[in-house]
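In terms of our numbering, the sequence shown opens at residue 42 and continues consecutively. Even for Gly, the Cβ is constructed at its ideal location relative to N, Cα and C.
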Amino acid sequence: MPQLEKICRMINELEERAERSASSNPALLLSILYLISDDPQKGRIQLSRALGTSEQVVRNALMKLEEMGLLVIEGRKKNMVPELYEAFRCLLKERILSPV
């Protein structure tokens with residue numbers, strides 16, 4: 042499963058780079074990536090409400106993801122690296138919607 046390997050590598054990288062700040066929390070970063078894979082037009086306010094955190098924490102997390110090369114932010118639109126986007130679509134969307 043190449044998608045699973047990509048996600049695992051990304052999770053390992055997120056954990057290695059995690060700092061002691063809320064905006065560098067790997068769970069928060071993964072959650073933001075998941076929400077963006079669903080709708081790249083989601084703004085910081087929408088993301089902060091969905092995650093139950095402040096807009097500043099989301100802003101810092103988005104900058105961290107961009108710094109790591111996982112996101113490209115162009116105005117309001119946030120684009121994930123294509124391979125990562127496909128992996129999220131395959132692993133998360135289909136698994137969540139499929140029966141257990």
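In chain order, Ile73, Leu76, Val99 place their CB closer than 7 Å to the CB of Leu88, counting only its own chain and leaving out the 5 sequence neighbours on each side. In the three-state reduction of the DSSP assignment, Met104 falls in the helix class, which pools H, G and I. Sequence-distant partners of Lys83 (beyond 5 residues in either direction) whose C-beta falls short of 7 Å from its own C-beta, in its chain, are Leu76, Ile77. In this structure, DSSP gives Asn53 a helical state, which the three-state scheme calls helix. When DSSP states are grouped into helix, strand and coil, Val122 belongs to the coil group.
Secondary structure of Leu76 (DSSP, three-state): helix.
Excluding its 5 nearest sequence neighbours in each direction, Arg130 has C-beta neighbours in its own chain below 8 Å: Ser78, listed in chain order.
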